[in-house]
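Going down the list, the protein sequences come from chains A and B.
If you're matching positions, the first sequence starts at 1 in our numbering and goes up one per residue.
If you're matching positions, the second sequence starts at 1001 in our numbering and goes up one per residue.
A virtual CB, placed ideally from N, CA and C, is assigned to each residue, including glycine.
Only one structure is covered here, and it is reproduced in the block below.
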Amino acid sequence: MKILEKKSLLDILKTWAREYHLLCPSKTGPGDIIFDTFNENTFTADYKKPHLPPKSSFLPHTQKIFEVENSEYRMVESHEKKLLFGIRACDMMGIRQSTSFMTRDLVDPYYSRRIDSTLCVVMACRGPQSETCFCTTTRSGPWAESGFELQFFDMGDFFLVESGSERADALLDNSLFSEADEISTKDQLDAWKKSSSESIPEIPQVNQAMSMLKDRTSNEEIWDYFGSKCIICGGCAFVCPTCTCFNVYDHISSPANGSRSRSWDACLYAGFTKEASGHNPRGDQGLRLKRRHEHKLLYFNETDIQDALCGCVGCGRCSDFCPVHIGTLEVVRTIVDGRTAKAGSTDKS
Amino acid sequence: MTNSINEVEKADVFFVIGSNTTAQHPLIGSRLINAIEEGARLILVDPREIQLAEFAELHLRQNIGTDVAVLNGIMNIIIEENLFDKKFVETRTEGFDELKSVVSRYTPRVVEMISGIRAHDLEEAARIYAQADAAMILYAMGITQHTTGTDNVKSCANLAMLTGNMGKPSTGVNPLRGQNNVQGACDMGCLPVVYSGYQKVIDESVKNKFEQAWGVEGLDDTAGLTITDMMDSAQKGDLKFLYVMGENPMMSDPDSTSIEQALSNLDFLVVQDIFLSETAELADVVLPAASFAEKSGTYTNTERRVQFSEKAIEPPGQARADWEIICDICYLSGYEMNYRSPDDILVEINELTPSYAGITPERLKEGFGLQWPCPNVEHPGTPYLHKDQFTKGLGTFFPCEFKPVSEVPDDEYDFLLTTGRIYYHFHTGTMTRRTSILDREAPSPLVEINPADAQRLGIKNDDLVELTSRRGSIRLKAEVTQRVPRRVVFSTFHFHEASVNLLTNPVHDPVAKIPEYKGCAVKIRRCA
């Protein structure tokens, strides 16, 4: 364990920014927090949960994957050395699950090149970052167990800094870091972790809903209800740390010239599963929502990463942003409750 | 909108007429759904069974073009049953007796004959709307795109005034604008009869004010031509030069064949756009414009909120912001426009436009925009209009008589075609059809037909059909669906492969000159 005085944070970031493309929590004009290139004026250490996970560092919203020039094919790759500072533990878990998915059997070269050249610094959460946080349930926070290069614990005047990989050595090679006293640090940190995890309530319905989906005892009609009100924006997938689906498309400028790109996609769109024959195995919006939530709560259970619960990392962003309240929290509660809140009669005149 | 988007969440009753809100304004649609789940009630008046129908307590499926009759019928019931707001009518309005005498002829039985809506349902709808504490009317192009568009709008306003649903939160008459800045374009005088802020060109003092500000003399004080008038004029050979910016009339105006003739008849056509649209292909000169992300400036949305938008990336190639192109053209024409930035232009807007006087560049960059009227820099903006009085003082009831669509189906052209948009595409598809996922979701034109009609004509789902009106013919695939009633077919104007405006009827509302996109007679047959 190392210690970094809070007043030295900016100095250490400036040092890192000379070596890496440093992305960190930054305040936009209207006050939103985004991960953006380090800039002394916009950087902030005072932030909650950024609206978006840092997944676009590895899977950009739109990404050119190869170019063809005079019939010559050229892969477009990025080897830029990046440093992500201040990501939350849930997002660290999101990166690890996504990486596992993108490299499990067929390695996605575009993704893995980016992940291989990126270092991650986690800022452990001292408590819930919003009322939708449920990482203690999904076992993905409020601090990370592994996967990071460094992890910062906010102890008031200073940060305790935990090293998580050999790649961290280069980051720690700086006189601003001092050695922490092992014995007193352990007690301090244990107390910190206890108070932090106790401040984020467990959501029992997550486990209950997972069991019900597994045993097929949930009420199927809830999906019709959710399907009837979904406005198909795809926002839940775009803010999700573990959603990595993409669509591939070509720009052909002449017969021998052009490029292929990919961009974020979502299983909430009908065309995502529609087959060439016109048949769609997920034929209505209710079935598509069911697929999405089963993907998080049923198909990816008992992952081999850090004893995590399932394919959902408990960040709560889908519940924060869904305009019609079809986030994971609402879905699990409805599954367990078995009833829907739909008002209005079904009188069809 | 007379009221604001956030007020949707607090309304007790929604009267949605001619708006497919979840498809065309999904974030407003989501607020409707949330409010309904919290107990608000929805009356939906729409011929098609759209997503909102699922949430409607009453879905009144009127025959196309019968909105005035439906609205008059509802007002008649409200007056007959003494459910109107007497205090509001007495203190805030004029012309009640005239209204009463006109709507009294629209009894529930008469309206049922005209509109197909059951008398009982109409009565229910009238009671639910009139008895609400706060009821919002929301409408869109389903109300305006008729030869009776102005009458339809006046009738909506009559209904809101009759029940006192005006001048307070979560009420009002709320047209949902179909584009992000169509409100702003109108506010800035992109209309043939006004300068910015609806200051009339025929008004001598307004003319003098603008002449002085711009250092010129002899500004034209006569009303100009609407788009539809321009096309007529070009076809006759009177209009010689046309400069089109961000518009694609070859796809979006009715009766495309005559539009093509009109454009071909011009001496000179300039098109300024971000892509080579169907109209740009006919142009003598194409000026490449910057897209929203490639320029700074303001947009004014459907709730009159002016918002600043920062440039995110440089425009590609020779593309430039519209204002820069216009300034240069003016300079080359002999008039120097000395704006260095969109902020400079907004400062002039502040000086010349009373309703925008307090909407300064500095204030817009601080928060989340300001709603006009905002007459000075201390003013917080106006979330809802007509609070204590109308702009003109008393609100006048303008009773209207029902008139059918201009082209009624007959033995040969036996269906009514109604047109609109779908969720995945915007207007003529200039942008969305170049966007991979959107085009994947809706790759080809479809025409919706009721299962009973389809069976009678031997049409199955995905069959290629030919749709023919008196003006043209297109081929596209059929979607057999209960969403449309019998004898009505629905299609969209997004697809150049089967441009539905080859079929539409070039007749206009006499006042607003808006074409009747929502109803023309067609025939349909399965292609062999």
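Start-to-end residues for the alpha helix (DSSP H) that takes in residue i
i: Lys-27/A; result: Premise fails: Lys-27/A lies in the beta strand (DSSP E), 21-27, not in any alpha helix (DSSP H).
i: Thr-138/A; result: 135-138
i: Met-1230/B; result: 1227-1236
i: Val-331/A; result: 328-337
Nearest-angstrom Cα separation, counted from residue j out to residue i
i: Leu-4/A; j: Met-92/A; result: 21 Å
i: Met-75/A; j: Ile-65/A; result: 6 Å
i: Glu-69/A; j: Asp-250/A; result: 14 Å
i: Val-1016/B; j: Asp-1414/B; result: 28 Å
i: Ile-1028/B; j: Phe-1055/B; result: 14 Å
i: His-1379/B; j: Phe-1490/B; result: 45 Å
i: Gly-1178/B; j: Asp-36/A; result: 33 Å
i: Ala-308/A; j: Phe-148/A; result: 16 Å
i: Ser-199/A; j: Ser-57/A; result: 30 Å
i: Leu-83/A; j: Glu-1441/B; result: 37 Å
i: Pro-53/A; j: Ala-89/A; result: 11 Å
i: Pro-1510/B; j: Gln-1199/B; result: 22 Å
i: Arg-1363/B; j: Thr-1353/B; result: 16 Å
i: Val-1008/B; j: Ser-1264/B; result: 46 Å
i: Glu-1314/B; j: Ser-1296/B; result: 11 Å
i: Gln-151/A; j: Ser-98/A; result: 20 Å
i: Arg-1109/B; j: Val-1103/B; result: 13 Å
i: Gly-86/A; j: Pro-25/A; result: 7 Å
i: Met-1231/B; j: Leu-1446/B; result: 28 Å
i: Val-1285/B; j: Ile-1422/B; result: 32 Å
i: Ile-232/A; j: Gly-316/A; result: 19 Å
i: Thr-1144/B; j: Val-1507/B; result: 13 Å
i: Ser-345/A; j: Leu-1052/B; result: Low local confidence applies: a pLDDT of 36 at Ser-345/A is under 50, so the model's placement there is unreliable, with the coordinate-based value given in what follows. If you take the alpha carbons of Ser-345/A and Leu-1052/B, they lie about 13 Å apart.
i: Asp-1343/B; j: Gln-1389/B; result: 33 Å
i: Glu-1123/B; j: Cys-245/A; result: 50 Å
Contact set for residue i: own chain, Cβ-Cβ below 7 Å, skip 5 residues either direction
i: Lys-27/A; result: Ile-33, Thr-42 and Thr-44
i: Val-1484/B; result: Arg-1048, Glu-1448, Ile-1449, Asn-1450 and Phe-1490
Contacting residues, own chain, Cβ-Cβ under 6 Å from residue i (five flanking each side not counted)
i: Val-332/A; result: Gln-205, Val-206 and Ala-209
i: Cys-243/A; result: Ala-237
i: Lys-7/A; result: none
i: Ala-1454/B; result: Val-1480
i: Leu-1462/B; result: Contrary to the premise, residue 1462/B reads as Asp rather than Leu in this sequence. Within the same chain, Asp-1462/B has close Cβ partners Lys-1477.
i: Tyr-110/A; result: Ile-65
i: Met-123/A; result: Gly-86 and Phe-152
Assigned secondary structure, residue i (DSSP; H/G/I helix, E/B strand, else coil)
i: Ser-146/A; result: coil
i: Glu-1516/B; result: strand
i: Leu-1389/B; result: Looking at the sequence shown, residue 1389/B is not Leu but Gln. Gln-1389/B: coil per DSSP, three-state reduction.
i: Glu-1038/B; result: coil
i: Asp-1273/B; result: strand
i: Cys-312/A; result: coil
i: Leu-1176/B; result: coil
i: Glu-1441/B; result: helix
i: Ile-1064/B; result: coil
i: Glu-1448/B; result: strand
i: Val-1484/B; result: coil
i: His-279/A; result: coil
i: Thr-1279/B; result: coil
i: Ser-345/A; result: Model confidence at Ser-345/A stands at a pLDDT of 36, short of 50, so the residue's coordinates are unreliable; what they give is reported in the following sentence. DSSP places Ser-345/A in coil when its eight states are reduced to three.
First through last residue of the beta strand (DSSP E) which encompasses residue i
i: Val-1182/B; result: It is not in any beta strand (DSSP E) - Val-1182/B instead sits in the alpha helix (DSSP H) that spans 1182-1187.
i: Lys-2/A; result: 2-5
i: His-1494/B; result: His-1494/B -> no beta strand (DSSP E), and no H or E assigned at all.
i: Glu-1054/B; result: First-last for Glu-1054/B: undefined, no H or E at that position.
i: Arg-317/A; result: Counting along the chain, Arg-317/A falls outside any beta strand (DSSP E), though it belongs to the alpha helix (DSSP H) covering 317-321.
i: Val-68/A; result: 62-69
i: Gly-258/A; result: 257-264
Same chain only: Cβ atoms within 8 Å of residue i, ignoring 5 sequence neighbours per side
i: Lys-1010/B; result: Ala-1035, Ala-1134, Pro-1169 and Ser-1170
i: Gly-338/A; result: Ser-218, Asn-219 and Ile-222
i: Lys-348/A; result: Any answer about Lys-348/A is weak, because its pLDDT of 34 lies below 50 and its placement is not dependable; what the coordinates show is given next. None.
i: Pro-1404/B; result: Gly-1065 and Thr-1066
Beta-bridge pairing of residue i - partner residues as DSSP gives them
i: Asp-154/A; result: Phe-159/A
i: Val-1286/B; result: Val-1271/B
i: Arg-1525/B; result: Glu-1466/B
i: Gly-1453/B; result: The question names Gly, but residue 1453/B is Asp in the sequence shown. Asp-1453/B pairs with nothing; no bridge assigned.
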